[in-house]
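Structure record follows, encoded as structure tokens.
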């Protein structure tokens, strides 16, 4: 009995399978194969960040006077704002070390400043001299009315 039931079930399945459109590859059959190709997702390329150029910090050039005052080299134009003595060293106790005296408005070519800012090193036609910083300024003196008459004409 079990065998007959199994045979009936197989016959039913055969009929159902043929009714579902199962084809054996006859002339009416068409097989379409669709291949799915995945679309790649673009990964944005990060923009290159330029590496900043390394700039070396300049080391200030220094020298030392005979009395031991450290001078930092710095080229600046100064003007005498008072009468002052230009000396061979950064000391005021020795009156024999005076090279020259300045007048108000004299232009001085500064080549350095003492570490404490109290002395200015100046160039006097190739000779080093030192003047107290309180007697000089970086601002050019104002033109006086008497000097205006000698000024070059405006064009």
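In mature numbering (1 follows the signal peptide of the UniProt record, and there is no 0), the protein residues as written are -19 to -1, 1 to 136. Here a beta-carbon is modelled for each residue, glycine too, at the ideal position from N, C-alpha and C.
By the criterion of at least three beta-carbon pairs nearer than 8 Å, the segment 53 to 60 is not in contact with the segment 27 to 34. Closest option to residue 95, judged by alpha-carbon separation, among 82, 73, 113: 113.
Out of -10, 91, 110, the CA that lies nearest to the CA of residue 68 is found in 110. Between the beta-carbon of residue 44 and that of residue 72 there is about 16 Å, and that puts the pair past the 8 Å contact cut. For residue -16, the three-state secondary structure derived from DSSP is helix. Of the residues 99, 103, 86, 83, the one whose Cα lies closest to the Cα of residue 92 is 103. Counting only the Cα atoms, residue 15 lies some 21 Å from residue 22.
Just measuring C-alpha positions, the residue of 101, 37, 83, 39 sitting nearest residue 51 is 101. Closest in C-alpha terms to residue 122, from the list 89, -16, 74, comes 89. By the neighbour-count criterion, in which 16 or more other beta carbons inside 10 Å mark a residue as buried, residue 65 falls on the buried side. Looking at the backbone, the Cα of residue 116 and that of residue 84 are separated by about 10 Å.
For residue 54, the closest C-alpha among the options 40, 18, -10 is that of 40.
In summary, residue 119 is exposed, with fewer than 16 beta-carbon neighbours lying within 10 Å of its beta-carbon over all protein chains present.
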